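**Student:** Dropping the structure in here first, questions after.
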Amino acid sequence: MDMDITYIMDSSRSISSEDFQRAKDFVSNMVDQFVVSSQPNESYGGIRVALVQQAPRGFLPDRNQTPVALEFDLVTYSNKDLMKKHIQESVRQLEGPSAIASALQWTVENVFFKAPRQRKHRVIFTIVGSKTSTWDRERLREISLGAKCQGFTLFTLALGSDVSGSQLMELSSSPTDQHSLTLGRFATPEMAYAQRFSRAFLSLLQQEMNSYPSPELQEECENLDRGDIQQEASVTERIPFPGMAESGSSQVLEDTEKNKSRVMKSMKENTKEPVYTVPEMRDDYEENAYFTEENAKREKPQECGKAQEKNKKNLETTAETRSGCNDYGMILEYENLF
Numbered sequence: 391m392d393m394d395i396t397y398i399m400d401s402s403r404s405i406s407s408e409d410f411q412r413a414k415d416f417v418s419n420m421v422d423q424f425v426v427s428s429q430p431n432e433s434y435g436g437i438r439v440a441l442v443q444q445a446p447r448g449f450l451p452d453r454n455q456t457p458v459a460l461e462f463d464l465v466t467y468s469n470k471d472l473m474k475k476h477i478q479e480s481v482r483q484l485e486g487p488s489a490i491a492s493a494l495q496w497t498v499e500n501v502f503f504k505a506p507r508q509r510k511h512r513v514i515f516t517i518v519g520s521k522t523s524t525w526d527r528e529r530l531r532e533i534s535l536g537a538k539c540q541g542f543t544l545f546t547l548a549l550g551s552d553v554s555g556s557q558l559m560e561l562s563s564s565p566t567d568q569h570s571l572t573l574g575r576f577a578t579p580e581m582a583y584a585q586r587f588s589r590a591f592l593s594l595l596q597q598e599m600n601s602y603p604s605p606e607l608q609e610e611c612e613n614l615d616r617g618d619i620q621q622e623a624s625v626t627e628r629i630p631f632p633g634m635a636e637s638g639s640s641q642v643l644e645d646t647e648k649n650k651s652r653v654m655k656s657m658k659e660n661t662k663e664p665v666y667t668v669p670e671m672r673d674d675y676e677e678n679a680y681f682t683e684e685n686a687k688r689e690k691p692q693e694c695g696k697a698q699e700k701n702k703k704n705l706e707t708t709a710e711t712r713s714g715c716n717d718y719g720m721i722l723e724y725e726n727l728f
C-alpha cells in the first residue's frame with residue numbers, strides 16, 4: 391500500500407496512565423500489520439509511519455513552542471520492529487495540556503510536507519481521550535478543514551466520554567461513521583475490536599471507496615482557496631476535486647449516498663463482529679472490578695441499548711458517562727455497528 395500515516399497520541403494529563411499504555415500497545419499492534427517501506431527516503435513502495443505526542447508540559451500558543459513531541463518521522467525507521475521497540479521503550483506520557491489543533495497543524499507542516507516523495511494516501515490517525523484546551527478549540531475547525539481540503543484522510547479513535555461529538559467530527563473525514571470509533575473504555579476486547587475496525591478502514595482506503603476531500607466540502611474548500619477563511623490554514627496548493635467539473639451538485643450527492651452504502655457493506659464484510667456478548671462481559675469479574683455479581687443483577691442491558699440507540703442520533707451524547715449502562719450500550723453498539 392502506498393501510504394504515509396502519522397499517529398497523533400493524546401499524552402495530556404487528562405488521559406489515564408492505563409489508557410496511555412493501551413494506546414501505545416494499539417499503535418504497536420497496528421504497526422505490526424504494516425508492510426513498512428524498506429527505503430523510506432527513496433522508493434514509493436510500502437508504508438511509512440510517524441508518531442507524535444501532544445502536548446508537552448507548559449505548552450501555550452504564541453510562545454514559539456513546539457506543540458508536540460516528535461517520536462519518529464516518516465523516514466526515521468525502515469523496520470517495524472525498531473518502531474515497536476521505540477514505542478514501548480522510549481515513549482513516555484508528557485502530561486501537558488491538550489492541544490489537538492496545534493498538534494494537527496504542526497504534523498501537517500513538519501511531518502508530511504517535509505518528507506520526500508509523499509505517498510498517494512496521507513493519513514492522520516488521532517488517538518484522543520480528552521477535550522482540547524479552550525484556547526486551542528477555536529482553531530480546530532479551520533486547521534482540520536485545511537488538512538481535509540489538502541486531501542488528507544483523518545481518522546479518530548476516541549477513548550472515554552470526554553471527547554465531544556463536534557470535536558470528533560472535526561478530527562474525522564467524512565462520512566464520520568467510517569472514519570472514527572468511540573470506545574467507552576479501552577480494555578482488551580475493545581482494543582482488539584478497534585484494531586479490526588482500523589484495519590477495515592485502511593483496506594477501504596486502499597480500494598479508494600471514498601474521495602478526499604469529500605464532495606460536500608467542495609464549496610468550503612473553494613472558499614478556503616480564495617482566502618475567505620483564515621489564510622494560515624493554507625500551507626500548500628489544494629488538491630482538485632476529481633470529477634467535480636463534469637457533474638452537478640445533485641449528482642454528486644446522489645453518488646455520495648450510493649458510495650456510502652457500498653462502503654458500509656464492504657466494512658461489514660471486512661470486519662468481524664466481536665465474539666464476546668453482553669452476559670460474558672458482565673461475568674468478566676477478574677478483568678473489570680465493576681462487574682461484580684451484585685452489579686450484574688442490577689443492570690438492565692436492554693434499557694441501555696435503547697438509550698444508546700437514541701444517542702446515536704446525536705454524536706454529542708454518544709458517551710456522556712462511564713457508567714455501567716454506558717458500557718453495555720457500547721457493546722450493543724458494536725453488535726449493531728455494521
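Just so you know, we're using the working numbering here: the sequence shown kicks off at 391 and counts up by one. Even for Gly, the Cβ is constructed at its ideal location relative to N, Cα and C. Quick caveat, the model's predicted, so the values are computed rather than measured.
#1: Taking the alpha-carbon positions, what's the aspartate 615 to lysine 504 distance?
#2: Could you tell me whether the Cβ atoms of aspartate 526 and isoleucine 477 are closer together than 8 Å?
#3: Buried or exposed: where does lysine 538 fall if 16 or more other Cβ atoms within 10 Å of its Cβ makes it buried?
#4: DSSP has arginine 438 in a bridge; who is on the other side?
#5: Just verifying my parser: in three-state terms, what is the DSSP assignment at methionine 473?
#6: So what's aspartate 552 in DSSP terms, helix, strand or just coil?
#7: If distances are taken between C-alpha atoms only, which option among Pro446, Pro457 and Lys470 comes closest to serine 418?
#8: For methionine 399, list the residues DSSP reports as bridge partners.
#9: Which term fits glutamine 540, buried or exposed, when burial requires 16 or more other beta carbons within 10 angstroms of its beta carbon?
#10: Give the straight-line distance between the Cα atoms of serine 520 and glycine 555, rounded to the nearest whole angstrom.
#11: With 16 as the cutoff for other CB atoms within 10 Å, does glycine 448 come out buried or exposed?
#12: Per DSSP, what kind of secondary structure is valine 426 in: helix, strand or coil?
#13: For phenylalanine 424, which option in Pro451, Ile398, Ala459 and Met393 has the closest C-alpha, if you only look at C-alpha atoms?
#14: Would the region 457 to 468 count as touching the region 436 to 446 if we require 3 or more Cβ pairs under 8 Å?
#15: Using the Cβ count rule (16 or more neighbours within 10 Å means buried), how would you classify threonine 497?
#16: What does a CB cutoff of less than 6 Å around glutamate 580 pick up in its chain, not counting 5 residues either side in sequence?
#17: What's the C-alpha gap between threonine 456 and arginine 512?
**Tutor:** Based on what the coordinates show:
#1: C-alpha separation (whole angstroms): 21 Å.
#2: no
#3: buried
#4: Asp394
#5: helix
#6: coil
#7: Lys470
#8: According to DSSP, which records beta bridges pairwise, methionine 399 is partnered with Gln443 and Ile517.
#9: buried
#10: 12 Å
#11: With fewer than 16 other Cβ atoms within 10 Å, it is exposed.
#12: strand
#13: Met393
#14: yes
#15: buried
#16: Leu573
#17: 22 Å
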